[in-house]
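Student: In this note's numbering, the protein residues as written are 20 to 817.
For each residue, glycine too, the CB sits at the ideal point set by N, CA and C.
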Amino acid sequence: MLHNYLKIAWRNLLKNKVFSFINVMGLAVGMAVSMLILLYVSHELSYDRFHPKGKRIFHTLIQMNFGGNTVQFNQLSKNFGPAVKQANAGVEDFVRIASSFRGDVVIKSDESHQFFERSFYFSEPSLFNLFAFEFTNGNPATALTEPNAVVITENIAKKYFGNTNPVGKTLIYNKNEVLKITAVVKELPTNSSLHFDFIASLPTFEGIMKRDPSQRYEADDVVGMGSYETYFLLKNPEAVAKVEAIIPTLLTDKKGELESHSKYTLTPFLETHLGNNWGDSSNTKYVMIFLCIAGIVLLLALINYMSLTTARSTIRAKEVGIRKVLGAHGHHLASQFYGESILVSLISFVLALVLFQLFKTPFYQLLSLSIDDSFVTGPLFLSILLGLVIVTALIAGSYPSLLLSKFSPVSILKGKFSAVGQGGNMRRVFIVFQFGVSIVLIIFSMVVQRQLHYMQTKKIGMNKEQVLVITLSNEAQKHYAAFRNDLVQSVGIRQLGASSLSLFTGGWNMFFTKTPTTNEDVSLNNMTVDENFIELLGLEWKHKPDNLKELAHGNQLVVNETAVGKLKISDKPIGQKLDVFDKESKKAEIVGVLKDFNFASLQSKVEAMMLKVVKDTTQLRALYLRLDPKVDFRQKIASIEKSYKKYEPNAPFEYYFLDEAFNKQYRAEQRMGYLFSGFTGIAIFIACMGLFGLITFTAEQKTKEIGVRKVLGASIANIVTMLSKDFLRLVVVANVIAFPIAYYAANKWLEDFAYRTNISIDIFIFSAVLAVVIALLTVVIQATKAALTNPVKSLKSE
20 MLHNYLKIAW RNLLKNKVFS FINVMGLAVG MAVSMLILLY VSHELSYDRF
70 HPKGKRIFHT LIQMNFGGNT VQFNQLSKNF GPAVKQANAG VEDFVRIASS
120 FRGDVVIKSD ESHQFFERSF YFSEPSLFNL FAFEFTNGNP ATALTEPNAV
170 VITENIAKKY FGNTNPVGKT LIYNKNEVLK ITAVVKELPT NSSLHFDFIA
220 SLPTFEGIMK RDPSQRYEAD DVVGMGSYET YFLLKNPEAV AKVEAIIPTL
270 LTDKKGELES HSKYTLTPFL ETHLGNNWGD SSNTKYVMIF LCIAGIVLLL
320 ALINYMSLTT ARSTIRAKEV GIRKVLGAHG HHLASQFYGE SILVSLISFV
370 LALVLFQLFK TPFYQLLSLS IDDSFVTGPL FLSILLGLVI VTALIAGSYP
420 SLLLSKFSPV SILKGKFSAV GQGGNMRRVF IVFQFGVSIV LIIFSMVVQR
470 QLHYMQTKKI GMNKEQVLVI TLSNEAQKHY AAFRNDLVQS VGIRQLGASS
520 LSLFTGGWNM FFTKTPTTNE DVSLNNMTVD ENFIELLGLE WKHKPDNLKE
570 LAHGNQLVVN ETAVGKLKIS DKPIGQKLDV FDKESKKAEI VGVLKDFNFA
620 SLQSKVEAMM LKVVKDTTQL RALYLRLDPK VDFRQKIASI EKSYKKYEPN
670 APFEYYFLDE AFNKQYRAEQ RMGYLFSGFT GIAIFIACMG LFGLITFTAE
720 QKTKEIGVRK VLGASIANIV TMLSKDFLRL VVVANVIAFP IAYYAANKWL
770 EDFAYRTNIS IDIFIFSAVL AVVIALLTVV IQATKAALTN PVKSLKSE
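Below, the structure written as structure tokens:
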């Protein structure tokens with residue numbers, strides 16, 4: 020019987036090539052899109068799940084609430100972990116991880132193998148107890164016990180030593196430290212929150228810190244803030260509240276200005292990637308949005324299949340009637356139609372796999388994804404694919420099998436059966452749903468693009484065009500005066516300034532003080548700049564200092580308008596004095612007020628900012644150059660790099676353009692815009708395929724009627740109108756339903772932005788016109804083809 024069902028299903032596919040193509044292609048596209056999105060979602064949700072002890076690992080964070088601002092960071096003191104473990108029996112183990120404070124370090128194995136490396140960390144043996152590392156050489160228990168010991172990954176081993184065993188060999192760290200390689204580990208998978216190329220022992224880090232006292236953040240006995248990330252392994256995850264409760268009693272500076280405003284929390288390690296996301300690499304909201312889109316696109320394809328299958332029910336009606344007369348029961352017929360849907364689903368699945376492979380790499384590039392091939396071929400994703408094809412087959416066959424198996428054999432064989440009422444209303448609902456979804460996506464895509472354009476073109480209170488920012492290394496800072504002199508004499512550089520921070524690349528220094536009049540706690544963002552910085556960026560004055568040349572003398576400050584409001588000194592800001600927490604510092608006097616300028620993303624409002632102007636620029640890490648737009652930027656940058664290398668040959672020349680960095684803040688929104696545009700196109704494509712199939716079938720069913728009408732004098736326009744009007748009405752209804760849904764969704768998304776575009780009526784008008792035009796073209800092309808058919812041929816065929 021099964022063989023018979025499959026044979027009939029295969030014959031039906033070959034017999035009705037147009038409808039089979041629409042069904043198979045629609046399902047294949049829907050399944051391919053779902054595969055890509057499910058790959059992304061499953062990869063994001065699987066982060067760190069490969070660690071056997073992951074559920075019992077907790078990451079320590081500090082939340083500091085000061086002056087209405089909440090700052091979160093994860094740097095703890097050296098003694099924090101041991102103190103918490105000793106005070107609480109619920110803590111089984113802990114690990115501390117430190118990193119180089121200057122980003123890139125120079126690693127050398129011999130004269131021909133010297134590279135700048137960024138993923139260099141320091142830790143202790145317990146790292147390999149908490150987290151799952153696979154060793155290819157070396158002993159996990161002793162790999163990080165000795166000073167100047169380092170563990171490297173397989174890729175690094177091959178990079179520096181080729182195919183030879185590197186264990187026992189040495190590497191030179193920043194020209195000073197000789198490190199002995201004690202072990203080699205395999206690369207962690209791409210769904211890991213921890214990424215490193217080198218891990219040196221903590222005694223190595225402590226030795227480096229002792230030789231550089233300016234970087235030593237705490238004494239050995241301090242329990243509180245410091246320079247180590249700290250993870251705890253709890254015996255029972257439910258004990259986390261008890262551990263958190265005991266931390267405040269262990270702090271050595273409980274009444275300190277910073278500690279008194281801080282709260283220490285333990286967050287589940289498995290929630291780190293999505294729950295405590297510090298960058299734009301992932302976002303729980305977008306993961307859920309994409310998951311919903313995957314379901315919607317697949318549902319659109321399934322609706323196409325069900326709609327076309329039920330529309331062609333009259334063709335299968337006699338078959339159903341005869342089978343019932345010959346003794347077939349409803350469940351037999353349902354099984355047959357389910358079998359056909361399984362066959363179509365399997366063919367579509369194979370085609371979807373081909374599309375998945377074709378578009379996988381562009382999809383990775385669009386989302387800046389890196390996913391191991393082992394994950395794609397792993398049990399998790401393969402089980403997701405199996406579930407996808409099963410769900411597709413079950414849903415695709417559900418409604419058609421239920422409808423077709425319930426046909427009355429008596430009505431069919433007496434010729435009283437009609438397609439009218441056989442799922443007609445449901446098909447109308449399907450069309451409205453498909454175009455409604457397409458219209459919502461069109462509107463949302465347009466809103467995303469407009470918001471992105473608005474953020475990238477909005478005036479932010481500074482001139483960020485043609486500004487090159489160079490990040491200076493420690494050595495380059497020592498030669499700042501000479502390097503600056505070279506640049507000043509160089510052609511093509513209009514202005515030059517410096518700052519302690521690189522704008523639009525993340526991270527701020529916070530300044531904590533009290534309001535001069537009410538003595539309330541307040542926090543300000545803080546930058547140290549040179550005398551040229553304000554003019555170089557074109558920042559505008561609200562209250563200009565009496566003598567700009569004296570800004571760098573004494574304890575004088577410049578603040579922005581928001582800071583004035585936050586400090587509650589709007590009546591008379593000039594001359595107000597602020598205390599700082601540094602006991603050695605004197606009160607600083609506000610001598611100027613700048614108009615507000617956006618120094619961060621437009622997702623947030625302008626915050627309070629304080630600028631300290633200095634003459635000594637040796638501590639300023641970021642050099643700002645305004646280039647002449649007429650010069651060749653590539654040649655100019657190469658010339659600047661050559662000059663830089665004179666003073667710092669052992670560190671990378673790092674630079675960026677200020678306007679590009681500003682725009683890069685919106686990478687998540689850019690990717691979302693691209694994806695929504697793609698999903699919108701796919702949704703429209705699927706909806707049009709379904710509409711094309713239905714109008715084709717309708718024209719076939721009305722062949723005789725069209726012939727009679729033409730004989731009686733109906734024009735082609737009359738015939739096209741007759742065939743098209745019902746479908747176009749449904750598209751209009753879809754617009755009416757989609758508008759409020761799209762407005763609500765777009766408005767909800769825009770709530771995350773402090774500065775946002777308006778959702779204007781022209782977006783809705785354009786989307787409505789576009790949907791109607793697309794539907795009209797789809798319907799009219801096929802309707803015109805039917806209307807041009809010779810009526811003699813049409814009537815003869817009947």
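Quickly, what does DSSP pair Y247 with across the bridge? List them, please.
Tutor: DSSP, once it has assigned bridges, lists L95 as partnering Y247.
Student: For M307, count the other beta carbons within 10 Å of its own beta carbon; 16 or more makes it buried, fewer makes it exposed. Which is it?
Tutor: M307 sits exposed, since fewer than 16 C-beta atoms from the chains shown fall within 10 Å of its C-beta.
Student: Measure the alpha-carbon distance for F785 versus S360 and round it to whole angstroms.
Tutor: 37 Å
Student: How would you call N195, buried or exposed, if buried means at least 16 neighbouring beta carbons within 10 angstroms?
Tutor: exposed
Student: Based on the DSSP output, what are the partners of Y674 in its beta bridges?
Tutor: I489
Student: May I ask whether a heavy atom of the ligand NAD can be found less than 8 Å away from the beta carbon of V316?
Tutor: The ligand NAD is not among the ligands present in this structure, which contains no ligands whatsoever.
Student: Are the segment 387 to 397 and the segment 52 to 72 touching by the rule of at least three beta carbon pairs closer than 8 Å?
Tutor: yes
Student: Which term fits S118, buried or exposed, when burial requires 16 or more other beta carbons within 10 angstroms of its beta carbon?
Tutor: buried
Student: Applying the criterion that 16 or more other CB atoms from any shown protein chain within 10 Å of the CB defines a buried residue, is V439 buried or exposed?
Tutor: Bear in mind that the predicted position of V439 carries a pLDDT of just 43, short of 50, making it unreliable; the figure below should be weighed with that in mind. Counting the other Cβ atoms within 10 Å of the Cβ of V439 gives fewer than 16, which makes it exposed.
Student: Report yes if the C-beta distance between E819 and D678 is below 9 Å; otherwise report no.
Tutor: Since the first residue of the chain shown is 20 and the last is 817, residue 819 is not available in this structure.
Student: Which term fits V37, buried or exposed, when burial requires 16 or more other beta carbons within 10 angstroms of its beta carbon?
Tutor: exposed
Student: For G298, does the three-state DSSP call read helix, strand or coil?
Tutor: Unreliable positioning characterises G298 in this predicted model, as indicated by a pLDDT of 46, which lies under 50. The coordinate reading is nonetheless provided below. Of the three classes helix, strand and coil, the one that applies to G298 here is coil, per DSSP.
Student: Does the distance from the CB of V798 to the CB of I714 come in under 9 Å?
Tutor: Yes, these two residues count as a Cβ contact at 9 Å.
Student: Apply the 10 Å Cβ neighbour rule to V535 and answer buried if 16 or more other Cβ atoms are within range, or exposed otherwise.
Tutor: Looking at the sequence itself, residue 535 is Pro, so the reference to Val does not match. So P535 ends up on the buried side.
Student: So, are the CB atoms of Y192 and F139 less than 9 Å apart?
Tutor: yes
Student: How long is the line joining the alpha carbons of E724 and L401, rounded to whole angstroms?
Tutor: 51 Å
Student: What residue does the alpha helix (DSSP H) around R503 start on, and which one ends it?
Tutor: 499 to 507
Student: Rounded to whole angstroms, what's the CA-CA distance from L742 to K721? Just pull it up for me.
Tutor: 9 Å
Student: Just the Cα atoms here: how many angstroms apart are T411 and I462?
Tutor: 28 Å
Student: Here's the rule I'm using: 16 or more other beta-carbon atoms within 10 Å means buried, otherwise exposed. How should A836 be labelled?
Tutor: The question about residue 836 has no answer here: the residues shown for the chain are numbered 20 through 817.
Student: In whole angstroms, what is the alpha-carbon distance linking L64 and A765?
Tutor: 25 Å
Student: Alpha carbon to alpha carbon, how far is Q468 from L769? Give it in angstroms, no decimals.
Tutor: 12 Å
Student: Ignoring anything shorter than 4 residues or poking outside the segment 159 to 195, list the alpha helix (DSSP H) runs there in chain order.
Tutor: 173 to 180
Student: Would N754 be called buried (16 or more neighbouring beta carbons within 10 Å of its own) or exposed?
Tutor: Residue environment: N754 is assigned as buried (16 or more neighbouring CB atoms within 10 Å of its CB, all protein chains considered).
Student: Which ranges would you report for the alpha helix (DSSP H) in the segment 648 to 701 if only whole runs of at least 4 residues count?
Tutor: Secondary structure remark: continuous alpha helix (DSSP H) runs of at least 4 residues inside the segment 648 to 701, in chain order: 652 to 666, 677 to 683.
Student: Going by DSSP, which residues form a beta bridge with K631?
Tutor: T547
Student: Shortest alpha-carbon distance to L321 belongs to which of V510, V633, S417, G294?
Tutor: S417
Student: Please state whether DSSP places A802 in a helix, a strand or coil.
Tutor: helix
Student: Along the beta strand (DSSP E) that carries E608, what are the first and last residues, could you check?
Tutor: 607 to 613
Student: Nearest to P648 by alpha carbon, out of K304, F676, F523, L630?
Tutor: Comparing alpha carbon positions, the residue from K304, F676, F523, L630 closest to P648 is F676.
Student: Less than 9 Å between the C-beta atoms of S220 and L270, yes or no?
Tutor: No, Cβ-Cβ distance for S220 and L270 is not below 9 Å.
Student: What does a CB cutoff of less than 7 Å around F215 pick up in its chain, not counting 5 residues either side in sequence?
Tutor: Shown here for F215: same chain residues with a beta carbon closer than 7 Å to its own, the five before and five after excluded, namely S138, Y140 in chain order.
Student: Comparing C-alpha positions only, which one of V169, N210, T161, K614 sits nearest to W560?
Tutor: K614
Student: Assuming contact is defined by CB atoms lying nearer than 9 Å, are L318 and V43 in contact in what I supplied?
Tutor: no
Student: Pull up the distance between the alpha-carbon of V488 and that of K655, whole angstroms please.
Tutor: When rounded, the distance between both Cα atoms is 13 Å.
Student: What does the Cβ neighbour count give for I553, buried or exposed, with the cut at 16 atoms within 10 Å?
Tutor: Buried is the call here.
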